Each structure stands twice: as structure tokens, then as C-alpha cells.
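Residue numbers (our numbering), protein chains in the order written: chain A, 75 to 528; chain B, 75 to 528.
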């Protein structure tokens, strides 16, 4: 496209979208959100009454029913459940000790990883080898690893301002460490929690085993205890770990995505969705991850309805099930939308916590990014400035193949991994205004991109 | 100045300040800050061991000594105390009940305002008149107010994204309400807490009496209890409040500003200062307000010294005493600097909490603002984008008359007033990374403005 044409187009869009009326509508969205506690109360309910809502659990079923009703109360034109196949894994009793003939015995703060194998009630006791990465496994070889507990202890790089990059740089120990160590005959793995925090909370998450690899026990250990364990092993390399984890996998079962829709006035067969995921780790209230994202999507429906905003396209709030374990909610949504021949115009996910909004990331080409960045000025009064290229979110990624514009909501991320996948992810860690600034930002962006024809 | 000259000048500054070396130095400041817990540990000490450090208290003396030592440990070339006259007011026993012959009795969560008068141990009981502002006092007149307890109940405007503007819009009830009501013969005042939160915490602060106005008892009431009180008064206008507050003023006394300095290599008689205030409300740990600002200033010294950064000008960390009650620390610093003939080139204050950094405000003319905004690009890698015109801070404002560039550190402000002046302002509400991102931002800005010649 010629540059002059692009400028003309952007000027047109700017005129079209940046009208005084739109200014007023955006302001009314923020005003309403900042003075209404519906979303905050819903968040409290999900945290306090559906804590630990892993896919397939009774708490998850309660969360499905609660958000279904919340969408009805928010005024959605239609609300329905979409059946989703989900795994069913349950934590059991767990206990972990480091035992040294020199230093004594000390308890370690641990949490079994999702999909990990149990030890049985009798537990297991074995020597420990500390490693930093999978290269270390190759160097050590089967002879040194077999029968041992492998302790992955690579810390997150705290100098990275982008905390998600720091997380990505350390999390493969958790997601693949057990499978890799099992190939060398490891008895179990203990993994340093994937967090920037130095604290007593183990941060859990899934671990995945490659095909034909023996499943073994795997637990996350708090960063403080990982440091202690490492010190002990330096002082006494023959120290042993005693681990009991009676977690278990059960046959797959069913759960639901929860969907609420406002029918579009002009293009009802085109859809803009905003959502989060309803499931959360069993040890957490899941306030930041991701009840917040869910209630923000429901809040978008409430805001549109109570302000009588009538989108051209149909707008959906989607509470995805099973983001944490195997992503079947997102895949089910995408495949059923495709089979119904629906056009998913845009999809936004809020799954980075509910801190103050900094902006949005757009998974799109540079032309569409430029158009979207022309909306930036509308958000300046709310200190929301970052409109950047980047990922959407794992639940909406399956829509990418069909050309859907994917959008990630970006709150300030400095403290997110202090909560993530841990018992520290609780309702009291969410601030009302930070939640609602995000709700308003999401509703406003959905309103504005509905005016664009990308 | 001609526009072309300005552009040349800005280009020169840009080249001068935006060198690769400076990029590296700024990165090293952030890297060091994000991996060092000295400031966080100091914050913990101040919160846990010097809680409630009002001017003149033993806790304040302990905070003075602790930060003096912290500055020495940080490597300051010289550390000294600057004597400051301070008021001495102490809270006593306090209790407040609403008593209705229809509705019963309910306790109200209150906190006496600084400088307010006590009721004596027997307390007082009086009828209540709810008002929104001083206009209401004029309308009601002496006849209706005399002998009554005036209940100021104007809430903060929660639709304002700028929470400091919302605070400013409601706080005159607290600072001047008692004095105004006393003019009409009020027996006491109860003031809705100046906060966006709807919670059980009373948020205290000073109240000031005009000359020749009788000092009366004055307390802040939590916002939840303000709402309850207002409901009760609607149902039973004859309900009475029983208030006991045995707070007392004592003769003025002495405390100290704490100052640590790195001598400038090139212009040692010019000074750049960064600081916060050391005193805090007696009911609070004062984590966000303002131990955080203090430890960030000490951290700047530690960062410069441990990274071997040698500023051209002398750099000072200043812990001001008595910001909360009457600002004598800031005035003493300014007057003594003037009497020594020192040039205070720039002064930065961190007194808006210790959330993630968003930017800085500059109290200066548009030409200098443009120069300063040219530094913005250096902070983009750290998501610090807002370089705007605005106030410095109350402790550094006395330097304004002599032409000092005043700078306010701007962290994200959505949740600040949830903590401000209340028992909710505690160490656990501060995140390590949010603190240290701010420390690094402040040290980096001081480093860069030292390179400029404004």
C-alpha cells in the first residue's frame, strides 16, 4: 500500500473512531466501571467459593454455574454452556524432607505438578542431583541420574523487566523437566518454582511427559527452599530427599466453557470475543489467574447493556475451561465456531493478572497494527499507552489459523508471578480500581474495534 | 529561542545523553537494583521496627538512626543529621459510637486527626448533622450547628482516573473541616476518610485550625462506617454520637532530617537531591507513605557507589522529617541550603507510594521540560513513559523559589489511597520489584540529569 493512501486511510479511521461521541462513550464506560462493584463481588465469590477449581472438580462446576448466572444478570442476550473434554488429576497428601546425616532434617515447601505421577503412600527416598538445565542431564548421563531425584534449580532472570520473558526462560524445567529426567531413569524431580519471588510458596503448574516416557513424581519447591536445598547439597552431597505425593490421574471427564452473547445489530454473524479462563490451580483462589479475566469479560457485557451500547457485531464473553492443564476449552471453542461457519473477527484474552492496565498486544500484521495503534489516543486519558505487537493468549490462539485478530490485555506485570500458580494468588491481592480500570479498558477496546473494519 | 536553535540544542543533548555508554549504565542500575534486596530489607525494618514514627516519637528517633546507618552502609561520602523543629501530638484512647433509640448502638471505626483536640476521658455525646461541604455550614448557620457533631461526608470522586485529583477534591473536609465547623460552635467533627476505598480503615491526617478558632475534637471515620452513619441518620435524625478521644498536643520538640551525600567530581557545590519523608502516621507502618521513598533515595546512593558512578554534581539522599504534620523538615533543608549559598540544581521526591513506575512530573518551564522529555527514550526499555509537567513534592517545594528543578516520582497511583494514612499501609503491600523498579528509575534519572546542563 502506498504511504499516502495509508495516511488517508488512517486519517479517515481517526476521524471515524475518534469522534466526540466516542470520547463520551469511553468515558461513560470507565465512569460506570469505577463506581460499580459487581465484578469485584463476583471475583470475591469465585475466589472464596470456588477456590482450587481444576478442570473436572466440584469447584469448577460451581464456577461454571456461578458465571452462567452472572452473565444472565449482566444482561447477555443469550447464555450457554459449551461441553469441553477435560483431564482429571487430583493432588493427594504431599510431604518432602531433605535428610542429611550432617545437617539434620528439614521440611521443604512443595506442591506436586499437574499430571505428575504419585509416589504411593509409602513415598520414596533417594539421593539428589542438582542441575540447571537439560544440557546438565546429557553431561551427567544415565549412570549418575538413575534412581536419583533430579533437582532443577535454574532461577528466573530477575534483571528482565519483562517478567513473562523471565518466566518463559525458566519454566521448561517445570513443563518438561520430569519427562527429560525420566529418560535417564530419574526416580522423581524437584523443580525450583517459576517465579521472580524469593518466598515460601511453591508455584505449581503442569508437567508433560513425552510418549513412551515413564511418568514419575514431580514437585515444585518454593524458591527459598530451593536455595536452602542447594546450600545443603553443597555441604552434604550425600543428603537424601524423602518425598511423598499421592496425587493421581483419573479418567478424562467433561466440563464447560461458559459463553454469554450480545447479538450484533448489523453483522450478527461476526463475533468479537473477550475472555479469560475459569479453571485455576487447586492450591490457589485463582484471583489473578484467572478469575479476574473472567469477571472482566462478564463486566464488558454488563457495561454494554447498562450503558445501552449496541455493537454492530455480536460480542461474546467467553469463560474458557481447562487452560491450565491441556487447553481443550480454547480448542473446542475454535473448532465449534469453525464448524458453524462463524467469522471470529477479533478475540481478546485477559490472562496476565488484574493489575493496572498498561495496554494491549496485537497478534497481527503491521498494517492492521497501525490501524489499531490509531486507537491509542482514545486511551491516553486513562494512562493506557502501550499498543504493541505481541501474543493474544493461549485460549484464543487456536483461532489464529482462521485469521482472527488476537489481542492480549496487558496489565502492569511486575508482581504477577509473585501470585501465579500459588496459594498466594488470593482475592485480597486484587485492587478494586486496578480490576475495574482493566474491565473498562477491555470493554472500550471491544467497542472501538467494532467500529473499525480491519 | 528560535525553533531551529532549539532543535539543534535538543539534538546535541540527545547525542550527549543517549550514548551507548549511558544505555549500559542505566541497564546496570536496573540490573543491580532488581537483584539486590538491601532496600527491601531496609523497608521491612522501618515498617516493623519504627511503625507509627510521628515527629517527636521514639519510633521516629529510631528511624533517624537506622537510616543514618543505612546511608553509611550504602557508601555515602558523608552522612549527617540536620536538626528540625517538630510538633508533638499524641493519639490517646479513642472510641466512637452511634446511638439511636430506634436502631440501637453501633461502633464506628475512627482515628483522631493530627492536631485535633481531645474530648477528655469522659468524652462527649451530641447530636449529628451531616454535611457535604463548607457551603452547607453557611446554609445551616450557627443555630443548627452549635453544640452538634458535624459529619463531613463528601466522598472522593471515584470516576477520576487521577486518584490524587480525587483525593484533593475531598480532603479539605479533613484539613479544614474542624476549623470551619468550630466557627459555628460545633462540638466536634467526624470526617469521611479521604480514600477511594470502601473499607473499614479510618484514614487519618492533619487538621488545621485558623488563628483564634477554638480547637475541637476531630476524627476520620472509615468509608464503610461513614455510609452506615449516613444511613442511620436518615432513619433516625435524632441519633447521637458518643466520642472519646484523649489525644493531646505537647510542646514542640526536635527531630532530624537525615542526609547522605556523594561529593560531585566536577561541580561539588551544585546539588541534586532525591528523597522521601521519614515520618509516618502513628497508626501505620508507613510502607508506601513514605518509608518506600526513603529507602529508594538511600538505594540511589548504594547504586551509585556499588556501580562506581561518579556524578559531576554532588548527589544527596534526604530523608525529610515531619512532612505529615507541618513540613518543617523541607523548610529547614531549603533555608539552610540557602544560607550556605548552595545551588540546588534539582530535587526529586518519591512520596506517591512504591508501585510500578510510570514516569516523572517536572515542575519547570516548557523549554526545560522539552529537554527533560528528551530523556524519555532512555526509559522506554523499562516501560517508564510519562514525562509530564506537574508538581514535585511537599518537602522539596520550599526549594522552588530559588529556581531548583523540582521532580515528582510517579508510580502507578490506582491503589495508593487504599493504604494512605491508614493501618492498611503495611510492608506486605509493597512488592519487591515495584519498589526496585522505582529505585532504579530514580537513580537513573538523577544520573542523566546530572549530564544535562539545564
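Glycine residues also receive a C-beta, built at the ideal position from the N, C-alpha and C atoms. Computed from a predicted structure; not experimentally measured.
- Residue pairing by DSSP places residue 403 of chain A opposite no residue, since no beta bridge is assigned to it.
- Residue 486 of chain B belongs to the set of residues whose beta carbon lies under 7 Å from a beta carbon in chain A.
- Contact of residue 108 of chain B with chain A is assigned, a C-beta pair being separated by under 7 Å.
- Within chain B, the C-beta atoms nearer than 9 Å to that of residue 430 of chain A come from 429, 430, 432, 486, 487, 488 and 489, in chain order.
- Setting aside the 5 residues that flank it on each side, residue 510 of chain A is surrounded in the same chain by 107, 108, 110, 113, 114 and 373, each with a C-beta closer than 8 Å to its C-beta; the list follows chain order.
- Assignment of alpha helix (DSSP H) within the stretch 262 to 345 of chain B, counting only whole runs of 4 or more residues, yields 297 to 309 in chain order.
- In the DSSP secondary-structure assignment, residue 155 of chain B is bridged to B/332.
- Residues of the same chain with a CB within less than 8 Å of the CB of residue 477 of chain B, apart from the 5 flanking positions on each side, do not exist.
- Residue pairing by DSSP places residue 417 of chain B opposite B/344 in a beta bridge.
- Around the beta-carbon of residue 163 of chain B, 16 or more other beta-carbon atoms lie within 10 Å, marking it buried.
- Collapsing the DSSP output to three states places residue 463 of chain B in a strand.
- At least one beta carbon of chain A lies nearer than 7 Å to the beta carbon of residue 235 of chain B.
- Contact annotation: in the stretch 358 to 392 of chain A, no residue has its CB less than 7 Å from a CB in chain B.
- Residues 192, 319, 320, 321 and 322 of the same chain have their beta carbon placed closer than 7 Å to that of residue 166 of chain A, with the five preceding and five following residues left out of the count.
- When Cβ-Cβ separations below 7 Å define contact, residue 97 of chain A makes no contact with chain B.
- At a cut-off of 7 Å between beta-carbon atoms, residue 118 of chain B makes no contact with chain A.
- When CB distances to chain A are screened at a threshold of 7 Å, the residues of the stretch 501 to 523 of chain B falling below it are 505, 507, 508 and 511, in chain order.
- Scanning the stretch 182 to 234 of chain B for uninterrupted alpha helix (DSSP H) segments of 4 residues or longer gives 208 to 219, listed from N- to C-terminal end.
- Under the DSSP assignment, residue 484 of chain B falls in the beta strand (DSSP E) whose first and last residues are 479 to 485.
- Here residue 247 of chain B is buried, its C-beta having at least 16 other C-beta atoms within 10 Å.
- Residue 228 of chain B and residue 298 of chain B have their C-alpha atoms some 13 Å from each other.
- For the stretch 451 to 474 of chain B, the set of residues with a beta-carbon nearer than 8 Å to any beta-carbon of chain A comprises 455, 456, 457, 459 and 460, in chain order.
- The beta carbon of residue 498 of chain A sits no closer than 7 Å to any beta carbon of chain B.
- Contact with chain A is found for residue 232 of chain B, since one of that chain's Cβ atoms lies less than 7 Å from the residue's Cβ.
- A straight-line Cα-Cα distance of about 5 Å links residue 420 of chain B and residue 346 of chain B.
- Rounded to the nearest whole angstrom, the CA to CA distance from residue 168 of chain A to residue 194 of chain A is 10 Å.
- For residue 495 of chain B, the closest of B/141, B/444 and B/188 by C-alpha to C-alpha distance is B/188.
- Judged by beta-carbon spacing, residue 349 of chain B lies within the 7 Å limit of residue 371 of chain B, meaning their Cβ atoms are closer than that value.
- Counting only the Cα atoms, residue 433 of chain A lies some 56 Å from residue 196 of chain B.
- Interface flag for residue 274 of chain A against chain B is unset, since no Cβ pair is found closer than 7 Å.
- If you ignore the 5 residues before and after residue 361 of chain A, its C-beta comes within less than 7 Å of the C-beta of 117, 121, 499, 500, 501, 503 and 504, all in its own chain and listed in chain order.
- DSSP places residue 254 of chain A in the helix class (H, G or I) of the three-state scheme.
- Residue-level contact by beta carbon fails for residue 299 of chain A and chain B, as no gap is shorter than 7 Å.
- One Cα belongs to residue 402 of chain A, the other to residue 232 of chain A, and the distance between them is close to 32 Å.
- Between the C-alpha atoms of residue 184 of chain B and residue 464 of chain A there is a straight-line separation of about 48 Å.
- At least one CB atom of chain A sits nearer than 7 Å to the CB of residue 105 of chain B.
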